[in-house]
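Going by this note's numbering, 157 is the number at position 83 of the sequence shown; the sequence numbering is gapless.
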Amino acid sequence: MIRICLHGAESTGKSQLAVQLGYPWVPEYGRAYCEERGTDLTMDDLLAIAAGQDAAMRKAAAAQPDVLILDTDPLMTAVWAQMLFGEIPPKLLAYEKADQYLLFEPDVPWVGDGTRLFGSDLERARFAGMAEVVLNQAKVPFTRISGNWAEREAQAREAIDRLLNQMPTC
75 MIRICLHGAE STGKSQLAVQ LGYPWVPEYG RAYCEERGTD LTMDDLLAIA
125 AGQDAAMRKA AAAQPDVLIL DTDPLMTAVW AQMLFGEIPP KLLAYEKADQ
175 YLLFEPDVPW VGDGTRLFGS DLERARFAGM AEVVLNQAKV PFTRISGNWA
225 EREAQAREAI DRLLNQMPTC
């Protein structure tokens with residue numbers, strides 16, 4: 075099984091692409107959490123979101139699909155911690171990592187949906203930069219995804235195909 079995590083700033087097409095790719099996928103736990111409880115988050119909320127995301131990922135992985143798309147993971151929650159509170163609890167970096175991360179650039183229009191907070195160009199650039207810093211801190215492999223919606227989908231499919239072609243066959 076290959077676990078691919080979609081990572082990056084808000085409103086860059088991650089959730090939309092997770093559905094379009096056609097593989098089993100794990101939705102973003104934090105979105106549902108914020109829709110239910112609001113976006114005035116504490117660090118305890120972020121820790122709860124990471125735990126909920128991890129539980130959902132483990133449940134989906136138990137089915138052992140060839141490819142599992144993660145709309146996010148605790149590394150993205152670590153970025154939120156840095157953005158909101160200026161620190162990252164070590165626990166957020168200790169969760170199991172995906173096999174490959176797709177880092178989405180903020181080069182598409184931002185759309186507010188009631189749960190998104192960082193819509194200015196400056197905030198989006200800071201968020202995107204922090205997302206990359208966290209991936210580098212975690213020493214995980216990632217591929218940049220950018221361009222229009224069709225280009226993003228093509229780049230994501232190409233990255234997944236490369237990984238599938240590297241899988242050993244039985």
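A virtual CB, placed ideally from N, CA and C, is assigned to each residue, including glycine.
Pairwise C-alpha distance: residue j and residue i
{"i": "Asp181", "j": "Ala230", "result": "16 Å"}
{"i": "Leu158", "j": "Met150", "result": "12 Å"}
{"i": "Pro98", "j": "Pro139", "result": "7 Å"}
{"i": "Phe178", "j": "Ala202", "result": "8 Å"}
Exposure of residue i, with buried meaning 16 or more beta-carbon neighbours within 10 Å
{"i": "Thr116", "result": "exposed"}
{"i": "Arg198", "result": "buried"}
{"i": "Met131", "result": "buried"}
{"i": "Gly112", "result": "exposed"}
{"i": "Trp223", "result": "exposed"}
{"i": "Ala83", "result": "buried"}
Bridge-paired residues (DSSP) for residue i
{"i": "Val100", "result": "Leu144"}
{"i": "Arg77", "result": "Leu142"}
{"i": "Phe201", "result": "In the DSSP output, where bridge partners are listed per residue, Phe201 has none listed."}
{"i": "Tyr175", "result": "Cys79, Phe216"}
C-beta neighbour in chain C for residue i, strict 8 Å
{"i": "Asp181", "result": "Structure shown: chain C not included; a single protein chain is present."}
Cβ neighbours of residue i in the same chain (closer than 7 Å, five flanking residues each side left out)
{"i": "Leu91", "result": "Leu80, Arg226, Glu227, Ala230"}
{"i": "Ile123", "result": "Tyr103, Gly104, Tyr107, Thr151"}
6 Å CB neighbourhood of residue i in its chain, flanking five on each side removed
{"i": "Asp34", "result": "This structure cannot settle anything about residue 34, because the visible part of the chain is limited to 75 through 244."}
Neighbourhood of residue i by C-beta distance below 8 Å, restricted to the same chain and skipping five residues each side
{"i": "Asp119", "result": "Tyr107, Arg111"}
Discussion item. Quick test of the definition: if touching needs 3 or more C-beta pairs under 8 Å, does the stretch 212-230 touch the stretch 81-97?
Written reply: The stretch 81-97 and the stretch 212-230 touch, with three or more beta-carbon pairs separated by less than 8 Å.
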